[in-house]
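Written below as structure tokens is the structure these notes are about.
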Amino acid sequence: MKIGIIGAGSIGLLAGAHLGKHHEVHMFVKKEEQREILAAQGIICEQFTEAVPVHAHLVTQMSEGYDLWMVTIKQHAMDDFLDQDLPGDAPFLFLQNGMGHLEKLSQAGLKSCVGVIEHGALAKGQNVVDHRGQGNIQIAVYKRMDPIQGQALSKELHTAHFPVVFKEQYEPMLKSKLIINTVINPLTALFSQPNRSILTNPSINELARFLCEEACSVLGLSFFEEWERVKKVAEATGENHSSMMKDITENRLTEVDSISGYILDHGKCPLPYHHFVLHAIHALEYERGVRKR
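Going by our numbering, the sequence shown opens with residue 2, and the numbers climb by one from there.
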């Protein structure tokens, strides 16, 4: 397959490295400096013995003739991305945290799948990624595609070291990932702790339980089942740092609005723990000069 990957952060680089072994991968990035490095050196995954060569372009150079577009940019970059004149001949696979992008996608007129990533990955340079936790990608069709197409796509992408799992329904898949994100991400970012702190620090554990209860009440999910899932993820990725913590550490805008904010926007009763973490993360962003208000 000829695959265009939009964004070359940790997930974009990880996907590019694994898929580049079996497919023709083109990375699309915002900055010329990163484009030049990727074109010259390929992607270096620390778990591989050699770099994976890829083609590299600026995101403004997207064109028709691809078999798949894989979009790995952050939620807050989605509006500008979807405002572009995007090629309509191939399906798009969107791999964002949260669920705030669904409404935007429904209006975009694209053939689209949505997915969640359960790998741990850390970008260590403009073309270097550390695959820190083996997991999978789960995908489901969203708009203008039928399940048979989605299933065929998952089989095309699947490998033993980079599993891709097809799900019949997108909503349960995204909701479960949203629960994990809305519990682990803000707390680890606020307290500058690895994911395992959800289990090992009694006070963070207590806050995590309350966040999980609130989110489950909004999304109509079983607290017992989702809390067990959160604990398993925190254990499996224990030494990893959440993407939100990395954003705060590196003075970048976080995705808290599309994670905690999504829960607050869809709640029908007060959600004090989500209200607090949303504004606490906003405060950290403001102090670092990346949020204006």
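A virtual CB, placed ideally from N, CA and C, is assigned to each residue, including glycine.
Within the model, the alpha-carbon separation for residue 87 versus residue 64 is close to 8 Å.
Between residue 165 and residue 143 a beta carbon distance of about 16 Å is seen, past the 8 Å cut, so the two are scored as non-contacting. Runs of the alpha helix (DSSP H) lying entirely within the stretch 241-265, each at least 4 residues long, are 244-250 in chain order. Take the alpha-carbon of residue 287 and the one of residue 258: they are about 14 Å apart. Residue 133 carries a strand assignment under DSSP once its states are collapsed to helix, strand and coil. Residue 58 is bridged by DSSP to 29. DSSP assignment within the stretch 116-189 yields the following whole beta strand (DSSP E) runs of 3 residues or more, N-terminal first: 121-124, 129-134, 138-144 and 165-167. Counting only runs of at least 4 residues, the stretch 95-119 fully encloses the following alpha helix (DSSP H) elements, listed from N- to C-terminal order: 102-107. Counting every other CB atom within 10 Å of its CB across the protein chains shown gives residue 249 a total of 16 or more, marking it as buried. In the displayed model, residue 53 falls within a strand according to three-state DSSP. Counting other Cβ atoms within 10 Å of its Cβ, residue 27 reaches 16 or more and is therefore classed as buried.
Beta-bridge analysis with DSSP links residue 228 to no other residue. Distances from the CA of residue 136 to each of 219, 279, 169 and 233 were compared; the closest alpha carbon is that of 233. Judged by pairs of C-beta atoms under 8 Å, the stretch 98-116 touches the stretch 67-81, as three or more such pairs exist. Residues of the same chain with a CB within less than 8 Å of the CB of residue 21, apart from the 5 flanking positions on each side, are 43, 44, 53, 54 and 55 in chain order. With contact defined as three or more Cβ pairs closer than 8 Å, the stretch 176-188 and the stretch 261-271 are in contact. When rounded, the separation of the alpha-carbon atoms in residue 292 and residue 149 is 43 Å.
Of all C-beta pairs linking the stretch 122-136 to the stretch 8-18, three or more are shorter than 8 Å, placing the two stretches in contact. Membership of residue 72 in the beta strand (DSSP E) is indicated by the continuous run 69-72. According to the DSSP assignment, residue 7 belongs to no alpha helix (DSSP H) but to the beta strand (DSSP E) extending over 3-7. Just measuring C-alpha positions, the residue of 93, 35 and 118 sitting nearest residue 107 is 93. Counting along the chain, residue 219 sits inside the alpha helix (DSSP H) bounded by residues 203-220.
About 5 Å separates the beta carbon of residue 241 from that of residue 196, a gap short enough to meet the 8 Å contact definition. Residue range 273-288 is occupied by the alpha helix (DSSP H) that includes residue 273. For residue 18, the enclosing alpha helix (DSSP H) covers residues 11-20. Distance check between residue 109 and each of 118, 85, 117 and 120 places 85 closest, using alpha-carbon atoms only.
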